[in-house]
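What follows is one structure encoded as structure tokens, with my remarks underneath.
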Amino acid sequence: MRPSDHPFEFGPNSPLPGTQAPKCALFIDRWGTLLEQPEKGWCARFKDAEFSPGALESLFRAHQAGWMIYLIGNEDAVARGRITDSTWERFESELLQALSSYGIPVQRNYACLDDPQNGKPPHDKDSVFLLPNTGAMYHAKQHDGVDLERSWVIGDSTIELAAGWRAGCRLAAVRSGVALADCELDVQPEIWGSSLSQVVYELVELSEQRARA
Numbered sequence: 142m143r144p145s146d147h148p149f150e151f152g153p154n155s156p157l158p159g160t161q162a163p164k165c166a167l168f169i170d171r172w173g174t175l176l177e178q179p180e181k182g183w184c185a186r187f188k189d190a191e192f193s194p195g196a197l198e199s200l201f202r203a204h205q206a207g208w209m210i211y212l213i214g215n216e217d218a219v220a221r222g223r224i225t226d227s228t229w230e231r232f233e234s235e236l237l238q239a240l241s242s243y244g245i246p247v248q249r250n251y252a253c254l255d256d257p258q259n260g261k262p263p264h265d266k267d268s269v270f271l272l273p274n275t276g277a278m279y280h281a282k283q284h285d286g287v288d289l290e291r292s293w294v295i296g297d298s299t300i301e302l303a304a305g306w307r308a309g310c311r312l313a314a315v316r317s318g319v320a321l322a323d324c325e326l327d328v329q330p331e332i333w334g335s336s337l338s339q340v341v342y343e344l345v346e347l348s349e350q351r352a353r354a
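Structure (structure tokens):
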């Protein structure tokens, strides 16, 4: 697991570490949520991937509203040797560049490349970042000051939602991708949406309503 990140920098006019207000985050699953689920289950080239409809516009609004944005997910194609590490690194770089060009900074991209059961060397090992483990959420809490109880995990499978529940986050499911049809784990999302954009707009609206109250 090599989370690409943009860590905070502290200058002479920055607040002391630990004195900032808690931050709210959106932990967003990549495949089936942010990106359309490929027919074969994985995609090696970013130019062949597609953002889900409205995803970019909604995430830009979320960023403008103060939400921190994280990407999460198990990259099984890398773990199982279908995609090389260098191919994934190129895909990841182009994905983050595309989001940045739309004014959407990703705080960290948690991509787990390991799988102790089905992975091929050197990825045949466990990881705290392997969903439904909670390493991504607690890493964001420790390093970025994220308030997990006020943050949301948004995904199309039970794996990432179970990780969010275990970490104390709130849960939102989308009907894109597998739409929780994997049924691997029992989860009860608070919000269902047809797409990532619908869920994000709803969360932004709810947060703005609370701010006005």
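The numbering of the sequence shown is the numbering used here, which starts it at 142 and goes up by one. Just so you know, even glycine gets a beta-carbon here, dropped at the ideal spot from N, CA and C.
Taking the alpha-carbon of ASP255 as reference, which of ALA304, GLU233, ALA220 and ASP226 has the nearest alpha-carbon? The shortest Cα separation from ASP255 among ALA304, GLU233, ALA220 and ASP226 belongs to ALA220.
Would LEU167 and TRP293 qualify as a contact pair, given that the criterion is a beta-carbon distance under 7 Å? For LEU167 and TRP293, yes; Cβs fall inside 7 Å.
If you follow the beta strand (DSSP E) that ILE213 is part of, which residue opens it and which one closes it? Its beta strand (DSSP E) spans residues 209-215.
Between the region 279-288 and the region 170-186, do at least 3 Cβ pairs fall closer than 8 Å? By the Cβ test, the region 279-288 is not in contact with the region 170-186, since fewer than three Cβ pairs between them sit closer than 8 Å.
Exposed unless 16 or more other CB atoms sit within 10 angstroms - verdict on ARG171: That one is buried.
How big is the Cα-Cα spacing for ARG307 and ARG353? Roughly 31 Å separates the two Cα atoms.
Exposed or buried, what is SER234 when buried is set at 16 or more other beta-carbons lying within 10 Å of its beta-carbon? With fewer than 16 other Cβ atoms within 10 Å, it is exposed.
Residues of its chain near LEU200, where Cβ-Cβ distance is below 7 Å and the 5 sequence neighbours each way are ignored: Excluding sequence neighbours, LEU200 sits near ILE210, ILE245 and VAL341.
Using 7 Å as the threshold, is the C-beta distance between CYS253 and ASN215 below it? At the C-beta level, CYS253 and ASN215 come within 7 Å of one another.
Going along the chain, which residues of its own chain have a beta-carbon closer than 8 Å to the beta-carbon of ASP323, five neighbours each way excluded? Closer than 8 Å at the Cβ level, and outside the excluded window around ASP323, lie SER298, THR299 and ILE300.
Under 6 Å Cβ to Cβ from PRO153, same chain only, skipping five residues before and after it: list those, please. Here the model assigns PRO153 a pLDDT of 37, short of 50, so the residue's position is not dependable, and the following value carries that caveat. Excluding the 5 residues flanking it on each side, PRO153 has no same chain C-beta neighbour closer than 6 Å.
Which of the three DSSP states, helix, strand or coil, is assigned to ALA322? In the structure shown, ALA322 falls within a coil segment according to DSSP collapsed to helix, strand and coil.
Let me know if SER317 comes out buried or exposed under the rule of 16 or more other beta-carbons within 10 Å of its beta-carbon. Counting the other CB atoms within 10 Å of its CB gives SER317 a total of 16 or more, which places it among the buried residues.
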